[in-house]
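A short write-up of the structure that comes next.
Protein chains in written order, with this note's numbering: chain A, -7 to 237; chain B, 19 to 410.
Okay, here's the thing in structure tokens:
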């Protein structure tokens, strides 16, 4: 494995048991994502993209296959070891922001550092840095409910950044936002990418996906497209024309 | 996460839901308070029972001498000498001579009254309080003077409560001059210690027609020394008589031991019944913690996705349950102490809870929180983060 690779999935399968029947959500996925890339994983609902996101995010482990994150095999880890990986290496951005409503913006942003047992002084400095980066430094004392949707999503981006993770994993980050604030959030993610962060964006929306430089399309549990955003655009157009023609 | 930060989260959750927290605590408050009240009242009652037995002579050792062919061999002076030699454990000794008969004052009459012969120290040893007059003197005893000390029952019955020193009263026709009147110590009823008629023991011996004192009462300084002192007296008497059939030594310590053990059993039974309310309170806490865990499923999912480990989640919920029940326990201790003291005042016993009772209640309430918080906390900690995040 070369040094540049951050994520490597080898023959990932995930099988769910629903009653007596087995349902394969992922059926042999292979892919590599390098440090500093901004990749969008697209797919319709039921395509298996959420399952692959859960595995990449160390929220779940595959039934078979291997997952290397920065060279470490994560696919056989359990419980607290996975929690440790999530805490140190992954920053999550969710569609519904997932901020704790009764805690201030600062306390929310501080959560990953608290679980990493970072001392209070350093914690506060790093939280304020992260909040400044997303333009919310003046709102640190507010409760999430006192912020607009866009501001809440920026707070959750600050929370994802604060632990200096190797990977920022964004699950439909603009799904709950209007088009103007969606634009702002996407621009912010692009800016973070330019600063060197690795970003994986999960979405069902092609117009969001094309903001990334590379697109991986999942369908029926397998990778059906992996290439540059430009190529993807062409292919989508061709498909549409075929259907219309 | 560090303990201090977890405590801050716990406190925020407890205070953020005041009504619910208070209602959950209420079970604990009532449970702990009832344990405190019942145990304190039982202990107060046991102590006052023991006190009253002490007044009745739990510290007394009585001996009765049969002697060889009517020769009792030991005189009063031998007994006084013995007490002097054992002054660290004995307060004194009194000859024990009684006679029964009718007490009369002009037309008023008490049938089957008891006359008790005493020495000059008896009133002081027994801590009796003189309302007026003086106690029987050494010279009264040596000249077999016909003087008497009466208790409030006789004062009330024969003199309508207006007896004075110098008044006379007849016992089986013999006239006695009152030299002292005792203050009321119980309730002035016939069966209380206020029904007493004390005369010099020498005078009593003549009335009873005996030449020798055969019964004595020794007064121990404390209940603890009664058994050992009983054995000492037995040894002393054996040296004189060389035959244990010629004397008898007895005390009430066995009765006291029996009472104490029965009170102990009763206290445990009552505390056990009150303890059931603590169990109910614990179940209440578990119930509300389970509700809290379900309500906060999403929060648990968020915390887990950000790196919370099993023990972080566990600790948060166990501490929340423990804090709820411990605060409830402390309030219960305060309430219970207050109620026990008020109830004690009402029935005239000292029912202030002992330090052990308070510590036990505190420990039990904290323990119940941890015990009943464990299951809900485990449920929270074992949640799958993906499912937890998906919940609304």
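Glycine included, every Cβ here is placed at the ideal spot set by N, Cα and C.
If you draw a straight line from the Cα of residue 151 of chain A to the Cα of residue 206 of chain A, it comes to about 25 Å.
By the 16-neighbour rule on beta-carbons within 10 angstroms, residue 339 of chain B is buried. The alpha carbon of residue 157 of chain B has as its nearest neighbour, out of B/254, B/221 and B/275, the alpha carbon of B/221. Under the criterion of beta carbons closer than 8 Å, residue 358 of chain B and residue 41 of chain B do not qualify as touching, at roughly 24 Å.
Per DSSP, reduced to three states, the secondary structure at residue 23 of chain B is helical. Counting the other CB atoms within 10 Å of its CB gives residue 31 of chain B a total of 16 or more, which places it among the buried residues.
Contact annotation for residue 118 of chain A against chain B: no contact, minimum CB-CB distance about 14 Å [criterion: below 7 Å]. For residue 147 of chain B, same chain residues with a beta-carbon under 8 Å away, outside a window of 5 residues either side, are 200, 201 and 203 in chain order.
Proximity to residue 351 of chain B across B/19, B/218, B/123 and B/54 peaks at B/54, based on C-alpha coordinates. Three or more beta-carbon pairs separated by less than 8 Å link the stretch 131 to 138 of chain A to the stretch 85 to 101 of chain A, which places the two stretches in contact.
For residue 86 of chain A, the closest of B/324, B/362 and B/328 by C-alpha to C-alpha distance is B/324. For the pair residue 170 of chain B and residue 364 of chain B, the Cα-to-Cα distance works out to about 25 Å. With a cutoff of 8 Å on beta-carbon distance, residue 133 of chain B and residue 151 of chain B are scored as not near each other. Distance from the CA of residue 186 of chain B to the CA of residue 223 of chain B, rounded to the nearest whole angstrom, comes to 20 Å. In chain order, 106, 107 and 109 make up the part of chain A whose C-beta sits under 8 Å from the C-beta of residue 19 of chain B. Interface annotation, residue 405 of chain B: not in contact with chain A, CB-CB separation never under 8 Å. Annotation for residue 268 of chain B: the continuous beta strand (DSSP E) segment containing it runs 265 to 269. Taking the C-beta atoms as reference points, residue 52 of chain B is found nearer than 8 Å to residue 295 of chain B. Cα atoms of residue 48 of chain B and residue 330 of chain B: separation of roughly 31 Å, rounded to the nearest angstrom.
Residue contact with chain B for residue 62 of chain A: absent (no Cβ-Cβ distance below 8 Å to any residue of chain B). Residue 273 of chain B is classed as exposed because its beta carbon has fewer than 16 other beta carbons within 10 Å across all chains shown.
Among the residues of chain A, none has a CB under 8 Å from the CB of residue 64 of chain B; the nearest is roughly 50 Å distant. The beta-carbon separation of residue 393 of chain B and residue 270 of chain B, rounded to 52 Å, does not stay under the 8 Å limit for a contact. For residue 334 of chain B, the closest of B/286, B/307, B/348 and B/207 by C-alpha to C-alpha distance is B/307. Judged by DSSP in its simplified three-state form, residue 365 of chain B adopts coil rather than helix or strand. At a Cβ-Cβ threshold of 8 Å, residue 216 of chain B and residue 136 of chain B count as neighbours. For residue 220 of chain A, no alpha helix (DSSP H) segment is defined; the enclosing uninterrupted segment is the beta strand (DSSP E) at 214 to 220.
Under DSSP, residue 131 of chain B takes part in a beta bridge, and its partners are B/119. Counting C-beta atoms within 10 angstroms of its own C-beta, residue 370 of chain B has fewer than 16 neighbours from the protein chains shown and is therefore classed as exposed. Any Cβ of chain B closer than 8 Å to the Cβ of residue 75 of chain A would place that residue at the interface, and such an atom is present. Judged by beta-carbon spacing, residue 194 of chain A lies within the 8 Å limit of residue 162 of chain A, meaning their Cβ atoms are closer than that value.
Residue 109 of chain B places its beta carbon less than 8 Å from that of residue 143 of chain B. Counting the other Cβ atoms within 10 Å of the Cβ of residue 17 of chain A gives 16 or more, which makes it buried. Collapsing the DSSP output to three states places residue 329 of chain B in a helix. Rounded to the nearest whole angstrom, the CA to CA distance from residue 362 of chain B to residue 26 of chain B is 40 Å. Taking C-beta atoms as the reference points, residue 326 of chain B and residue 107 of chain A count as a pair closer than 8 Å.
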